[in-house]
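Protein sequences, first through last, are from chains A and B. For what it's worth, the working numbering labels the leading residue of the first sequence as 17, then goes sequentially. For what it's worth, the working numbering labels the leading residue of the second sequence as 537, then goes sequentially. Ideal Cβ placement from N, Cα and C applies to all residues, glycine included. Written below as structure tokens is the structure these notes are about.
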Amino acid sequence: MSKIRKLTKEERKKEIVKVACRLFAERGYYNTTIPDIAEELGMSVGNLYNYFRSKEELAKYIMQYSSKLLGEEIHKINQQDIPTKEKIYKIVRKFFEIGQEQPELIEYFLRVFLSNREVFEEGCEGFLCVQEVVTELMLFLEEGARKGDFRQQDFFPAFVTLMGPLGGMVFLQGENVLPKEPVEYSQELAENIWRALKAD
Amino acid sequence: MKNLLWIQGLSCNGNTQSLLNAENPYFYELFQKVELLYHPSFSYRENLQTVLKRIDSDKLKVNFLVVEGAVTSDMKFHRTGNYTIAQILQKLKDKVDYIIAAGNCASFGNIPATLSCNPDVTGLQFRFTQKGGLFPSDFKTKSGYPIINIPGCPMHPAWFTQTIIALLEGRKIVLDSFNRPKELFMYLSHDGCIRNEYFEWKVEGEEFGHKEGCLFYNLGCRGPMTHAPCNKILWNGISSKTRAGMPCIGCTEFDFPLRRNYFETKKNIGIPEEVPLGVTKRAYLTITGVAKTFKNERLNKKLEETD
Ligand code: SF4
Chain A
17 MSKIRKLTKE ERKKEIVKVA CRLFAERGYY NTTIPDIAEE LGMSVGNLYN YFRSKEELAK
77 YIMQYSSKLL GEEIHKINQQ DIPTKEKIYK IVRKFFEIGQ EQPELIEYFL RVFLSNREVF
137 EEGCEGFLCV QEVVTELMLF LEEGARKGDF RQQDFFPAFV TLMGPLGGMV FLQGENVLPK
197 EPVEYSQELA ENIWRALKAD
Chain B
537 MKNLLWIQGL SCNGNTQSLL NAENPYFYEL FQKVELLYHP SFSYRENLQT VLKRIDSDKL
597 KVNFLVVEGA VTSDMKFHRT GNYTIAQILQ KLKDKVDYII AAGNCASFGN IPATLSCNPD
657 VTGLQFRFTQ KGGLFPSDFK TKSGYPIINI PGCPMHPAWF TQTIIALLEG RKIVLDSFNR
717 PKELFMYLSH DGCIRNEYFE WKVEGEEFGH KEGCLFYNLG CRGPMTHAPC NKILWNGISS
777 KTRAGMPCIG CTEFDFPLRR NYFETKKNIG IPEEVPLGVT KRAYLTITGV AKTFKNERLN
837 KKLEETD
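So, in structure tokens, the structure goes:
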């Protein structure tokens, strides 16, 4: 307790996200209660409500948190003065690294966000809770096409060509069928994405 | 009474036509306040050569020199008697109080300056983005002002009459970095467009001339990056391009004729290459992403069908 008390509000929220993510993914969204999460964290239910007013709010916050985390990383890559192809590699690698460091976020995405859409209907509709990632990817794709590296096309086909393989990989990992860690496929995957998007 | 001399370089006469539509003050009212020494389209008693001679011999003092059209020193492309427009301007430049560039050609060179067979065509003090045209960028007339640019293809008559009247009344005019009066050109043509609501909610028009939809995303509207009060000072006192369903084509800007595909918004992977002035692309994409998530029911209907 004394250790937790020293954390700032943001750090504490991060702790809560980590634990809640794991419990939601393990037991399912509906089978996990705020008291369960509080107990796991060793904090009182009342105190947890100081951070999140409801389970739904917590669920949405986790999405926003993940989006911000990944969005900031892609932002850094976007700022770098390196070839487009290398940026793809860095994005792919960063995505898998985050997944390796905080696997609960990926689990949460696959087992809660994608499986319990009704929870996210209000307040997370469309891209609202993942706007940072989408914006950064828009900037990345726009710049690539402006420089003539990417073929011109509509946004959505390009978007899924980039993100689809990443989702597919972590899904396979979740199913325990991948012989290696996803991050070890970064190079090949980045090459595939580059070939699919590049100008002829 | 102060006086005004109007001369033309490479011009389609469009700014003169526009001036004839002036209201409040009307064309004739304006020239009751200021004496028109000579205008190539209206003067039949006076002769430019005679006027020029009188100025040259200091018998006549000119207050306002208005130039319409781009300028060149190449006799093959433009001449008045034995002089080129450039020569006439060199003679007059230090003898007049103010020089006003009427329209985009005189201001920035515009379409005549894109002529590849004569690279000498230019605006008076700018050539597109480049500072310095026929006159260097530090040139000033007797009044202390550089060339006062009133661009537009054509300029709106009120932009011209307001500027002249302000100077006649001895008011100070603040100019922007392209020497356009700030009072007029601090507005974007997007400001006051009746389609602003559609712009905010990202409801985009697909066709010209419809009452509904913003023309930014599909039809190339330059309103959000064009300095012009077109939706504040309406055309013929009635309307504007964007109000009528025609995209703004950015004709008051220095780079107006350098663009291609005026009715298309340049996009990369579906994302506009240029975003409204004042916001970063990141901010613009974020806010439009949010706007697109929601639906404003009213804006998705034909206006006649709304409650
Ligand atoms: S039509 Fe053009 S000027 Fe009007 S709101 Fe849309 S972008 Fe702005």
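Near the ligand SF4: residue i beta-carbon under 7 angstroms from a heavy atom
i, result
"B:Phe658", "For clarity, residue 658 of chain B is Thr in the given sequence; the question names Phe instead. For the ligand SF4, not one heavy atom lies less than 7 angstroms from the Cβ of B:Thr658."
"B:Pro690", "no"
"B:Asn732", "yes"
"B:Pro760", "yes"
"B:Leu751", "yes"
"B:Thr824", "no"
"B:His763", "no"
"B:Thr778", "yes"
"B:Ser725", "yes"
"B:Phe735", "yes"
"B:Pro783", "yes"
"B:Cys787", "no"
"B:Cys757", "yes"
Contacts that residue i makes with chain B (C-beta to C-beta distance below 7 angstroms)
i, result
"A:Met179", "In chain order: nothing, as chain B lies at least about 14 angstroms away."
"A:Ala36", "Simply none; closest approach about 25 angstroms."
"A:Arg162", "Asn804 and Glu809"
"A:Phe166", "Ile805"
Cβ-Cβ separation, residue j to residue i (assumed contact under 8 angstroms), whole Å
i, j, result
"A:Glu123", "A:Ala212", "No, A:Glu123 and A:Ala212 are not in contact; Cβ-Cβ is about 27 angstroms, not under 8 angstroms."
"B:Cys729", "B:Gly688", "Going by Cβ atoms, the distance from B:Cys729 to B:Gly688 rounds to 17 angstroms, so no, they are not a contact pair."
"A:Lys84", "A:Cys140", "Incorrect: roughly 14 angstroms between the Cβ atoms, too far for contact."
"B:Leu839", "B:Tyr734", "About 11 angstroms separates the two Cβ atoms, so there is no contact after all."
"A:Glu86", "A:Ile114", "Sequence inspection shows Leu at residue 86 of chain A; the Glu mentioned does not correspond to that position. Confirmed, about 6 angstroms."
"B:Gly605", "B:Leu546", "5 angstroms"
"A:Lys71", "A:Ile50", "6 angstroms"
"B:Ala558", "B:Pro693", "4 angstroms"
"B:Leu596", "B:Val587", "7 angstroms"
"B:Ala827", "B:Glu736", "6 angstroms"
"B:Val603", "B:Ile635", "7 angstroms"
"A:Leu74", "A:Glu56", "So it is not a contact: roughly 13 angstroms between Cβ atoms."
"A:Tyr105", "A:Ala206", "4 angstroms"
"B:Met691", "B:Gly756", "Between B:Gly756 and B:Met691 the Cβ distance is about 22 angstroms, and since that is not below 8 angstroms, they are no contact."
"A:Val199", "A:Gln147", "Actually they do not touch by this definition, with Cβ atoms about 26 angstroms apart."
Contact set between residue i and chain A, taken where Cβ atoms lie within less than 7 angstroms
i, result
"B:Gly856", "Because chain B here runs from 537 to 843, residue 856 of chain B falls outside it and cannot be looked at."
"B:Arg818", "Thr151 and Leu155"
"B:Gly669", "Result: empty, since nearest Cβ-Cβ is about 31 angstroms, beyond 7 angstroms."
"B:Thr829", "Glu141, Gly142, Phe143 and Leu144"
"B:Thr822", "Gln147 and Thr151"
Partners in chain B for residue i, counting only beta-carbon separations shorter than 9 angstroms
i, result
"A:Asp170", "Ile805 and Gly806"
"A:Ala174", "Ile805 and Gly806"
"A:Glu158", "Lys803, Asn804, Ile805, Gly806, Ile807, Pro808, Glu809, Lys817 and Leu821"
"A:Phe68", "Per Cβ cutoff of 9 angstroms: no residues; A:Phe68 is ~22 angstroms from chain B at best."
Contact list for residue i against chain A, beta-carbon separation under 9 angstroms
i, result
"B:Leu835", "Within 9 angstroms Cβ-Cβ: nothing; B:Leu835 doesn't reach chain A, min ~17 angstroms."
"B:Val826", "Gly142, Phe143, Leu144 and Gln147"
Any non-hydrogen atom of the ligand SAM within 7 angstroms of residue i CB
i, result
"B:Cys729", "Ligands present in the displayed structure are limited to the ligand SF4, and the ligand SAM is not among them."
Handout entry: Ordered list of alpha helix (DSSP H) runs contained in the region 597-629 of chain B, each at least 4 residues
Key = 621-628
Exercise for the section: For the region 737-758 of chain B, enumerate the residues whose C-beta is nearer than 8 angstroms to any C-beta of chain A, in chain order. Expected result: none
Practice task
Using a Cβ-Cβ cut-off of less than 8 angstroms, give me the residues of the region 130-146 of chain A that come near chain B, in sequence order.
Solution key: Of all residues in the region 130-146 of chain A, Glu141, Gly142, Phe143 and Leu144 have a Cβ within less than 8 angstroms of some Cβ in chain B.
Handout entry: Contact residues within the region 614-641 of chain B, judged by C-beta distance below 7 angstroms to chain A
Key = none
Practice task
May I have a chain-ordered list of the alpha helix (DSSP H) segments no shorter than 4 residues that lie completely inside the region 734-793 of chain B?
Solution key: 752-755 and 777-780
Exercise for the section: Report the residue ranges of all beta strand (DSSP E) runs contained in full by the region 659-707 of chain B; include only those spanning at least 3 residues, in chain order. Expected result: 684-686
Practice task
Please go through the region 537-578 of chain B and give each complete beta strand (DSSP E) segment of 3 or more residues, from N-terminal end onward.
Solution key: 539-544 and 571-574
Problem - Runs of alpha helix (DSSP H) wholly within the region 59-139 of chain A (minimum 4 residues, chain order) - result: Correct list: 61-67, 71-95, 100-117 and 119-124.
Handout entry: Runs of alpha helix (DSSP H) wholly within the region 166-215 of chain A (minimum 4 residues, chain order)
Key = 171-190 and 202-213
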